[in-house]
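My numbering puts the sequence shown at residues 365 to 630.
Where is the CB? At the ideal position from N, CA and C, for every residue including glycine.
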Amino acid sequence: MYLPEPVTKIRTGNNMKRFFIIFTVIMSIMAGGQAQAVDPLTSTEFDPVLIGEGSEIEIGKNTDQQLRSKYRISTDQQLNQRINAIGQRLAAQSERKNLKYTFTVINDELVNAFAAPGGYIYITTGILQRLKNDDEIASVLAHEIGHVVNKHSLKAIQRQMMAQFGLQIMGAMLGDGGISGALLVKASEISASLLLLKNSRVNELESDAEGVEIMRLAGYNPRAMIDVQRMLLGVSGGKNPPAIISTHPPSQERIDAIQRKIDNTR
Ligand SMILES: [Zn+2]
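Take a look at the structure:
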């Protein structure tokens with residue numbers, strides 16, 4: 365979350381800033397039940413993240429444990445090493461390169477990939493079978509890193525917790541943004557349940573843009589992202605569309621935006 369410094373040079377502490385964010389969010393919730401408020405400082409989309417990075421990583425760790433008991437994790441060492449090498453090369457170029465990213469291959473026919481908060485990224489053997497080369501694999505992983513960088517799932521978890529706990533959770537998060545105990549367990553449950561839900565159009569566009577940037581910096585061909593989108597669009601009208609169609613809906617709009625991003629960053 366980025367908040368510009370107040371115009372007057374008076375130093376307001378972190379808590380003051382947080383209080384302001386929370387106050388604004390509460391006012392907006394009271395005003396109309398909207399999860400998003402308008403930031404009076406920037407007048408742009410306002411989606412403050414109150415959960416601190418330490419808690420984000422804890423939520424990710426718990427989610428990872430749940431996934432590991434739910435899915436069959438691939439034991440193919442060569443494949444895991446290849447995916448991890450591509451993933452780490454990309455992650456090193458991301459805006460959140462301080463995180464410790466893990467890239468896990470799930471042994472499943474399901475054609476999917478997803479990201480939990482804190483840098484935990486998953487890709488299925490089902491989608492890997494459809495990807496033709498390292499650039500295409502990098503396209504999928506870079507997009508998922510884009511979700512982590514933009515804290516998309518963390519924001520969704522937070523929205524859901526606000527809806528469920530209201531002011532109580534706000535109070536718990538006030539301070540250093542740390543959550544613990546039952547709240548952390550709850551956040552992790554929500555996190556796991558969100559992984560198979562549809563990402564919003566805006567989130568997809570944001571993650572693609574971040575993905576293109578990361579690919580370019582890491583030396584992968586970002587055009588592969590368009591090939592992957594076309595492949596997914598091609599199968600999206602079929603009888604049994606792959607899971608990734610519902611979690612990361614492909615669209616011509618995304619292809620056009622990726623194309624523009626590539627043209628503009630060359
Ligand atoms: Zn996505």
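Check: Any heavy atom of ligand 1 within a distance shorter than 7 Å of the CB on Glu-568?
Finding: For Glu-568, the shortest C-beta to heavy atom distance toward ligand 1 is below 7 Å.
Checklist line | Candidates Leu-559, Asp-620, Ser-571: closest to Glu-459 by CA position | finding: Ser-571
Check: When DSSP builds the beta bridges, which residues end up paired with Phe-467?
Finding: Ile-485
Checklist line | Burial state of Leu-560 (16 or more Cβ within 10 Å) | finding: exposed
Next item on the list: Identify, in the order they occur along the chain, each residue of the same chain with its Cβ nearer than 6 Å to the Cβ of Leu-597, setting aside the five sequence neighbours on each side.
Entry: Hits under 6 Å: Pro-614.
Margin query: Could you check whether the Cβ of Ser-571 sits closer than 7 Å to any heavy atom belonging to ligand 1?
Written below: yes
Next item on the list: Taking Ala-588 as part of the alpha helix (DSSP H), name the residues at either end of that continuous run.
Entry: 587-600
Margin query: Helix, strand or coil, according to DSSP, for Ile-543 in the structure here?
Written below: coil
Check: Which stretch, first to last residue, makes up the alpha helix (DSSP H) that contains Ala-621?
Finding: 616-629
Check: Going by C-alpha distance, which of Ala-546, Ile-626, Val-512, Leu-454 is nearest Ile-501?
Finding: Leu-454
Checklist line | Sufficient close CB pairs (3 or more, under 8 Å) joining the region 505-515 to the region 572-579 | finding: yes
Item checked: 3 or more residues per run - each beta strand (DSSP E) lying fully within the region 493-537 -> none
Next item on the list: Determine the burial state of Gly-530: buried for a count of at least 16 other Cβ atoms within 10 Å of its Cβ, exposed for fewer.
Entry: exposed
Check: Which residues in the same chain have their Cβ closer than 6 Å to the Cβ of Ala-573, if we skip the five residues on either side of it in sequence?
Finding: Lys-625
Next item on the list: Using the Cα positions of Asp-403 and Pro-412, report the straight-line distance between them to the nearest angstrom.
Entry: Its pLDDT being 33, under 50, Asp-403 is placed unreliably in this model, and the value from its coordinates should be taken loosely. Rounded to whole angstroms, Asp-403 to Pro-412 spans 9 Å at the Cα level.
Next item on the list: Return the CA-CA distance between Tyr-584 and Ile-619, expressed in angstroms with no decimal places.
Entry: 17 Å
Note to self: Just to confirm my understanding: we take Asn-567, look at its own chain, exclude 5 residues before and 5 after, and list those with CB closer than 8 Å. What are they?
What the structure shows: By the criterion of a C-beta distance shorter than 8 Å, Asn-567 is surrounded in its chain by His-511, Asn-514, His-516, once the five residues flanking it on both sides are discounted.
Note to self: Quick check: the Cα distance between Ser-545 and Leu-474, rounded to an integer number of angstroms?
What the structure shows: Looking at the sequence itself, residue 545 is Gly, so the reference to Ser does not match. Their backbone Cα atoms lie some 33 Å apart in a straight line.
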